[in-house]
Amino acid sequence: MNSAPLMAIRGLEVTFGTSRVVHGIDLDIAAGEALGVVGESGCGKSVTWLAALGLLPGMAATSGSVRFQGQELCNAPRATLENVRGRRIAMIFQDPSSCLNPVRRVGPQLVEAVTLHTNLRGDEAKTEVLRLMELVGIPDRAARFNLYPHEFSGGQSQRLMIAMALAGRPDILVADEPTTALDATIQAQILDLLGRLRRETGMALIFISHDLGAVSQVCDRIAVMYAGRVVETGAVTEIFAHPRHPYTVGLLNSIPRLDGGQDDLLTIPGAVPDPSHLPPGCAFAARCARADETCATAIPPLRGDGAAVACWHAALPNPSLREAALA
Amino acid sequence: MMSFALTRLLRAFATLMLVITFAFSILRLSGDPAIAVLGPMAPAAALNAFREAWGLTEPFWVQYSKYVLSIFAGDFGDSMRDGLPALPLVLERVPATLSLTIPSLILTLTIGIPAGIVAALHRNSLLDRTVILAAVAGFTVPSFVVGLVLVLIFSVTLGVLPSGGQGSWLHGVLPIITMSTVSIGLVARYSRSAMLEVLNAPYIRAASAKGLKWRDVIRLHALPNAILPLLTIIGLMVGSLIAGSVVVESIFSWPGMGRLLIISVAARDLAVVQCILILITVLMVCANLTVDLLQAWLDPKSRNKAHA
Ligand SMILES: Nc1ncnc2c1ncn2[C@@H]1O[C@H](COP(=O)(O)OP(=O)(O)OP(=O)(O)O)[C@@H](O)[C@H]1O
Ligand SMILES: [Mg+2]
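Each protein sequence line maps, in turn, to chains Y and L. For what it's worth, the working numbering labels the leading residue of the first sequence as 1, then goes sequentially. For what it's worth, the working numbering labels the leading residue of the second sequence as 1, then goes sequentially.
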């Protein structure tokens, strides 16, 4: 990581009323990379990226720094954020069917995005919309241009949302659990689509998911989050082969395997702590077999370069990596 | 769409029949028109002659079927007080009532909806709290209290506006304000919650995420969606304004349908009361029917169902 990152998040904190749900996130996003963000429900995956784009409701207090190509986005004026959204950083969401305005036709909603981000107007804008619909694999485009959102399936709606996101030719696409609401075959198609689009357009992809399997399919790098913190980051292959944080180990063990069957499925014991009653030390300590007194009293910092882990008792890094670092 | 319209029409007709039946029975069971019209001291012979003349001695069911049949023939009966046909007597009062209800409806929509929407857009601000407070005050204080307070201030104390009767447009000011406070309050509150619900919808966040300016998000995605549920409320408002005219016209001695209703009920003037109730029902049913059809036509989901 020698060139300046496309996007740099430093010490991002988000508080709803009295409960802090994101506790200082540090992340770099390089141009064109695919970063997977994983973690159990409620660990702050969505909030982190909504905060980065200023999309949280007014009662959320955000602090820290989010820089896109050097431009500060955290608590930036509305006009700055509006110029970045869609054009530099686009975002798609978990529930595609409710992300399109139900009382307006789909075509005009896409045209809206195209006219917002390009100089195309009228028929040209419509042609561009049809091109985008083709790009994301919507069949029978001309006829479906004038349909309403409820006339599309969940998978097709997500394709439409992706088409809308592509209208601004963004540098980063944040996909917040884009396949969670879809059934398995459709999930795989959307994952393929996202992977293909990334290769074709060269945009960076932030893929938020609690499905490590899906993440390993589309991403180069993973950030594992727990209770509002990043607890481990690294290359996908490294993390799968040598997970260092006990939470990552737990997550990997809970991926269902084709050969294993339900009995072999290990789940992490215990539950995610309530964000408003976090322990003074490591938030994972109560569920961790390696925990000791240090873990109960002091929060482990995220240490390491490129591959980093936040644990007082992290497993040693992969020996070959260590040698490579020494050489 | 056709079958939808047809079921709505049938339902409207059923409502009308229910009101006719109800008005007919209650009035007949709750007092003797002969005594009400001729007075309690009238001789028994005169009372009997009166009952005979108005067909009140016939069995209930005979009276009822005769009445319903004559309504469909366009005959609403005669007023018992002066023997004139009831329908023209009532219709001649309609313009006076409309001259209060239509301005009130316009005021309700032009003040209530914007106030609610602005409050929702500035949720939890001082402005929002003020609107909520005013709205709740508006629809909880009974309109006769509002009317009397207004008369005390503007007619009795300041002497700038007339306290009753019909003459210049100034006579309409206090009745119209009195009549619209309740509905402005209700509409403001409903608009606020309809708008808040829309603002929380995922498609609003998605519209912001694609880079639309906040102003355009509101204009293109929030307002059209918030108006849809409001249509129902607007239909109900028409009804509540007409009902409100009974009270308001009595306070301000306004010669409309509402005041005629009060007078006729007191006098047990059966034909007139029934005629007014039927007319009011027809108005309310028509308002709701229009709103239902408009809503079905504007909402793509129900429009598609109708095509299928
Ligand atoms: N609008 C809000 N108001 C209050 N608390 C919120 C709000 N949005 C999120 N939170 C809280 O913030 C925490 C993180 O939520 P977030 O949506 O980021 O979780 P997530 O990791 O995306 O989970 P999931 O996998 O379920 O989407 C949760 O505890 C949640 O309750
Ligand atoms: Mg989420």
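Even glycine gets a Cβ: it sits at the ideal position worked out from N, Cα and C.
Counting contacts by CB-CB distance shorter than 8 Å, is residue i in contact with chain Y?
i: L:Asp299; result: yes
i: L:Ala201; result: yes
i: L:Ala306; result: The pLDDT assigned to L:Ala306 is 48, lower than 50, so where the model puts this residue is not dependable; a value taken from the coordinates is nonetheless given after this. It does not: the Cβ of L:Ala306 has no partner Cβ on chain Y nearer than 8 Å.
i: L:Leu294; result: no
i: L:Arg205; result: yes
i: L:Leu186; result: no
How would you list, in chain order, the residues of chain L whose beta-carbon sits under 7 Å from the beta-carbon of residue i?
i: Y:Met91; result: Ala209
i: Y:Met164; result: Lys210
Find the nearest neighbour of residue i within the set the options, judged by alpha-carbon distance.
i: Y:Gly234; options: Y:Ile92, Y:Thr15, Y:Leu173 and Y:Gly36; result: Y:Gly36
i: L:Ser208; options: Y:Ala181, Y:Gly44 and Y:Ala165; result: Y:Ala165
i: Y:Pro77; options: Y:Arg196, Y:Ala52 and Y:Leu316; result: Y:Ala52
i: L:Thr140; options: L:Thr178, L:Gly185, L:Val156 and L:Leu126; result: L:Gly185
i: Y:Ala227; options: Y:Pro273, Y:Ser3, Y:Arg198 and Y:Asp192; result: Y:Pro273
i: Y:Ile208; options: Y:Glu200, Y:Leu252, Y:Thr179 and Y:Leu135; result: Y:Thr179
i: L:Ala266; options: L:Ala201, L:Leu10 and L:Ala34; result: L:Ala34
i: Y:Asp28; options: Y:Leu56, Y:Phe68, Y:Gly42 and Y:Val21; result: Y:Phe68
i: Y:Arg10; options: Y:Ser19, Y:Val21 and Y:Thr48; result: Y:Thr48
i: L:Met91; options: L:Leu298, L:Ile276 and L:Lys301; result: Before going on, a small fix: residue 91 of chain L reads as Leu here, not Met. The shortest Cα separation from L:Leu91 among L:Leu298, L:Ile276 and L:Lys301 belongs to L:Ile276.
i: L:Asp299; options: L:Thr7, L:Ile227 and L:Ala36; result: L:Ile227
i: L:Leu174; options: L:Ile153, L:Ser191, L:Tyr190 and L:Leu289; result: L:Ile153
i: Y:Gly135; options: Y:Ser97, Y:Arg88, Y:Thr201 and Y:Pro102; result: Looking at the sequence itself, residue 135 of chain Y is Leu, so the reference to Gly does not match. Among Y:Ser97, Y:Arg88, Y:Thr201 and Y:Pro102, the Cα nearest to that of Y:Leu135 belongs to Y:Thr201.
i: Y:Ala343; options: Y:Leu302, Y:Cys288 and Y:Arg303; result: As displayed, chain Y neither begins before 1 nor continues past 327, which places residue 343 of chain Y out of reach and without an answer.
i: Y:Cys74; options: Y:Leu197, Y:Val14 and Y:Trp312; result: Y:Val14
i: Y:Gly24; options: Y:Asp292, Y:Gly270 and Y:Arg229; result: Y:Arg229
i: L:Ile204; options: Y:Leu147, Y:Leu100, Y:Phe16 and Y:Ala60; result: Y:Leu100
i: Y:Pro279; options: Y:Pro269, Y:Ile268, Y:Glu293 and Y:Thr248; result: Y:Glu293
i: L:Gly348; options: L:Ala188, L:Leu161, L:Ser168 and L:Thr157; result: Past the boundaries of the shown model lies residue 348 of chain L; chain L is included only from 1 to 308, so the question cannot be answered.
i: L:Leu108; options: L:Leu236, L:Trp297, L:Ile218 and L:Ile263; result: Before going on, a small fix: residue 108 of chain L reads as Thr here, not Leu. Out of L:Leu236, L:Trp297, L:Ile218 and L:Ile263, L:Leu236 has the C-alpha closest to the C-alpha of L:Thr108.
i: L:Asp78; options: L:Ser245, L:Phe72, L:Leu69 and L:Leu89; result: L:Leu89
i: L:Leu150; options: L:Trp297, L:Ile177 and L:Leu10; result: L:Ile177
i: L:Ile117; options: L:Gly159, L:Ser104, L:Ile132 and L:Gly239; result: L:Ile132
If residue i and residue j are in contact, beta carbons under 8 Å, what's the gap, nearest whole angstrom?
i: Y:Gly70; j: Y:Pro170; result: No, Y:Gly70 and Y:Pro170 are not in contact; Cβ-Cβ is about 17 Å, not under 8 Å.
i: L:Ile251; j: L:Gly147; result: 4 Å
i: Y:Leu191; j: Y:Gln158; result: Not really, about 11 Å apart at Cβ, beyond 8 Å.
i: Y:Val236; j: Y:Asp211; result: Actually they are not in contact, since the Cβ atoms of Y:Val236 and Y:Asp211 sit about 13 Å apart, beyond 8 Å.
For residue i and chain L, any beta-carbon pair shorter than 8 Å?
i: Y:Val22; result: no
i: Y:Cys99; result: yes
i: Y:Gly154; result: no
i: Y:Met7; result: no
i: Y:Leu205; result: no
i: Y:Ala271; result: no
i: Y:Arg144; result: no
i: Y:Asp95; result: yes
i: Y:Met133; result: no
i: Y:Met1; result: Bear in mind that a pLDDT of 47 at Y:Met1, under 50, signals an unreliable position, so the model cannot answer this.
i: Y:Gly17; result: no
i: Y:Gly354; result: Residue 354 of chain Y lies beyond the range of chain Y shown here (1 to 327); nothing can be said about it.
i: Y:Glu82; result: yes
i: Y:Gly11; result: no
i: Y:Ala52; result: no
i: Y:Gly44; result: no
i: Y:Gly122; result: no
i: Y:Gly168; result: yes
Spell out the partners DSSP gives residue i in its beta bridges.
i: Y:Ile9; result: Y:Leu27 and Y:Val66
i: Y:Glu72; result: Y:Arg67
i: Y:Met91; result: Y:Val174
i: Y:Met225; result: Y:Val230
i: Y:Leu205; result: Y:Ala34 and Y:Leu173
So which residues on chain Y does residue i lean against when the C-beta distance must stay under 8 Å?
i: L:Ala119; result: Ordered by position in chain Y, no residue passes the 8 Å Cβ test against L:Ala119, which lies about 14 Å from the chain.
i: L:Glu126; result: Sequence inspection shows Leu at residue 126 of chain L; the Glu mentioned does not correspond to that position. Within 8 Å Cβ-Cβ: nothing; L:Leu126 doesn't reach chain Y, min ~15 Å.
i: L:Leu230; result: Near L:Leu230 there are no residues of chain Y at all, since even the closest Cβ is about 13 Å away, more than 8 Å.
Whose Cβ in chain L lies nearer than 8 Å to the Cβ of residue i?
i: Y:Arg87; result: Gly211
i: Y:Leu116; result: Lys210, Gly211 and Leu212
i: Y:Ala113; result: Lys210 and Gly211
Using the beta-carbon of each residue, which ones in chain Y are nearer than 9 Å to residue i?
i: L:Pro224; result: Asn101, Val103 and Arg104
Determine the chain L residues that contact residue i at a beta-carbon separation under 9 Å, and present them in chain order.
i: Y:Arg67; result: In chain order: nothing, as chain L lies at least about 19 Å away.
i: Y:Leu55; result: Arg205, Ser208 and Ala209
Can you name the residues of chain Y whose CB is closer than 7 Å to the CB of residue i?
i: L:Leu196; result: Per Cβ cutoff of 7 Å: no residues; L:Leu196 is ~11 Å from chain Y at best.
i: L:Trp214; result: Arg78
i: L:His171; result: Residues of chain Y passing the Cβ test: none, with the nearest at roughly 43 Å.
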